[in-house]
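**Q** Dropping the structure in here first, questions after.
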Amino acid sequence: AKLQGRNTWQFYSGDIRSQICDHIALRREILEAIEGEQFVVYYQPLVDARTGKVRSIEALVRWDHPQRGMVPPNDFIPLAEQTGQIIGIDRWVLRQACLDTVDINASRPASLRIGVAVNISPVHFRRAGFFLEVQRVLEETGLEPYLLELEVTEGVLMSGADKAIEQLKALRHLGVLVTIDDFGTGFSSLSYLRKLPINKVKLDRSFIQSIDHNRDNAAIVQGVITMAHHLGLQVVAEGVETVAEQEYLIKRGCDLLQGFHFSRPVPLAEFMALPAILTAE
Ligand code: C2E
Ligand code: CA
Ligand code: CA
Ligand code: CA
């Protein structure tokens, strides 16, 4: 089975029976992967646009599959969302990311602590007890709440907004930060952000691409930055790949930058070994 776009599986193997077999097989494999600890967390730095230093890292899951090698999230997360298995995956990633971040910060002075951003599937975020889970993980790992950021897509707020807002309030009460991820891809207006207890918006990569010479992207990004700042929110740009994009975003007042230009997502050990210029004072 091969993943095509969002939440749609396209099967090249033909008839419906083999489709169901593929589906069941992958479902079982994901179960084995959770139990067999085949998932790995990679980390990608988010850099302060003004100082150029790493402020936080985003946790991005990979599946270290015994036969297929390193499988990217887009190849299994859509199915895992359909089966509900994403909840188990997200829980594991959340815990691992908190543990790793405690380690990363162990040798850093308080003023240089690095936060961690964890993606939470809408399926998971909407569950009533979600904030209790977060509270427990913080207690068990010892990560300070202000160092944890949860990334949720705007879709979470569009459907079942009341429940989502309750969840956001409970998370804020814990002291955890929340970022609206993939911002701008969901046909929503900025005005609904006004009522939400969130901290950041992350502009989707599609708006950052060639921003230095794409007028449409430039206009959208400028609009989002201006409005977000009025609302007291920080803006993150993801997918920054070139110096020109970086310089453009700095000039326009973007707060945090993330992308291959700084670093690809890497395993913890590699993150620890990144050039000092990125992580030093
Ligand atoms: P996302 O949250 O929008 O994450 C950003 C994606 O863009 C990541 O892909 C990252 O590797 C990639 N990226 C970062 N900088 C650049 C760049 O400069 N150029 C390009 N071309 N790509 C860049 P990745 O790791 O394959 O993750 C894909 C998606 O899978 C994520 O999109 C997120 O929605 C989901 N995901 C990843 N980890 C988790 C997880 O633990 N839980 C959940 N629920 N979803 C996850
Ligand atoms: Ca994200
Ligand atoms: Ca994105
Ligand atoms: Ca995403």
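Numbering-wise (UniProt numbering), the sequence shown opens with residue 327 and increments by one.
Every residue gets a Cβ at the ideal spot worked out from N, C-alpha and C, and that includes glycine.
Cutting at 8 Å between CB atoms, please list the residues of its own chain near glycine 481, excluding the five before and the five after it.
**A** Pro448, Gly512
**Q** Quick check on the burial criterion: 16 or more other C-beta atoms within 10 angstroms. Buried or exposed for glycine 331?
**A** With a pLDDT of 47 at glycine 331, under the threshold of 50, the modelled position of that residue is not reliable, and no figure is offered here.
**Q** Give, in chain order, every unbroken run of the beta strand (DSSP E) that is at least 3 residues long and sits entirely within the region 431–466.
**A** 441–445
**Q** For ligand 2, I want to know if asparagine 400 counts as a neighbour, meaning its beta carbon is within less than 7 Å of at least one of the ligand's heavy atoms.
**A** no
**Q** Below 7 Å CB to CB, which residues in the same chain sit around proline 523 once its five sequence neighbours on both sides are set aside?
**A** Leu494, Lys495, Arg498
**Q** With distances taken between CB atoms, is the gap from glutamine 461 to leucine 405 smaller than 8 Å?
**A** no
**Q** Quick one, are the C-beta atoms of isoleucine 551 and valine 561 less than 8 Å apart?
**A** yes
**Q** Looking at C-beta atoms only, is the number of pairs between the region 388–408 and the region 451–469 that lie closer than 8 Å three or more?
**A** Counting C-beta pairs closer than 8 Å gives fewer than three between the region 388–408 and the region 451–469, which falls short of the contact rule.
**Q** Say the cut is 7 Å; is the CB of glutamate 466 nearer than that to a heavy atom of ligand 3?
**A** no
**Q** Which residues mark the beginning and the end of the beta strand (DSSP E) in which tyrosine 369 is found?
**A** Counting along the chain, tyrosine 369 sits inside the beta strand (DSSP E) bounded by residues 365–374.
**Q** For proline 392, is the classification buried or exposed, using 16 other Cβ atoms within 10 angstroms of its Cβ as the cut-off for buried?
**A** exposed
**Q** Just the C-alpha distance for glycine 558 and leucine 516, rounded to the nearest angstrom, thanks.
**A** Taken atom to atom, the span from the alpha-carbon of glycine 558 to that of leucine 516 is near 13 Å.
**Q** Could you name the residues, in chain order, whose CB is less than 5 Å away from a heavy atom belonging to ligand 3?
**A** Asp508, Asp530
**Q** Roughly how many angstroms lie between the CA atoms of serine 589 and valine 387, to the nearest whole one?
**A** 16 Å
**Q** With distances taken between CB atoms, is the gap from valine 428 to threonine 467 smaller than 8 Å?
**A** Yes, Cβ-Cβ distance for valine 428 and threonine 467 is below 8 Å.
**Q** Closer than 8 Å by C-beta to threonine 568: which residues in its own chain qualify, once you throw out the five before and the five after it? Chain order, please.
**A** Result list for threonine 568: Asp538, His587, in chain order.
**Q** Here's a check: name, in chain order, each residue in its chain whose Cβ is nearer than 6 Å to the Cβ of cysteine 430, leaving out the five neighbours to either side.
**A** The sequence shown places isoleucine at residue 430, rather than the cysteine named in the question. Same-chain partners within the cutoff: Ile440.
**Q** May I ask which residues mark the beginning and end of the alpha helix (DSSP H) holding histidine 539?
**A** Histidine 539 -> no alpha helix (DSSP H), and no H or E assigned at all.
**Q** Tell me which same chain residues have a C-beta within less than 8 Å of the C-beta of aspartate 416, skipping the five on either side of it?
**A** Val444, Asn445, Ile446, Ser447, His450
**Q** My output table needs one value for valine 558: the three-state DSSP class, helix, strand or coil.
**A** Checking the sequence shown, residue 558 turns out to be glycine, not valine. If DSSP states are grouped into helix, strand and coil, glycine 558 belongs with coil.
**Q** Specify the secondary structure class of glycine 395 as computed by DSSP and reduced to three states.
**A** If DSSP states are grouped into helix, strand and coil, glycine 395 belongs with the strands.
**Q** May I ask whether a heavy atom of ligand 1 can be found less than 7 Å away from the beta carbon of leucine 582?
**A** no
**Q** Out of Gln370, Leu464, Tyr518, Phe365, point me to the one whose CA is closest to arginine 394's CA.
**A** Phe365
**Q** Give me the residue from Arg452, Tyr574, Leu473 with the minimum Cα distance to methionine 484.
**A** Arg452
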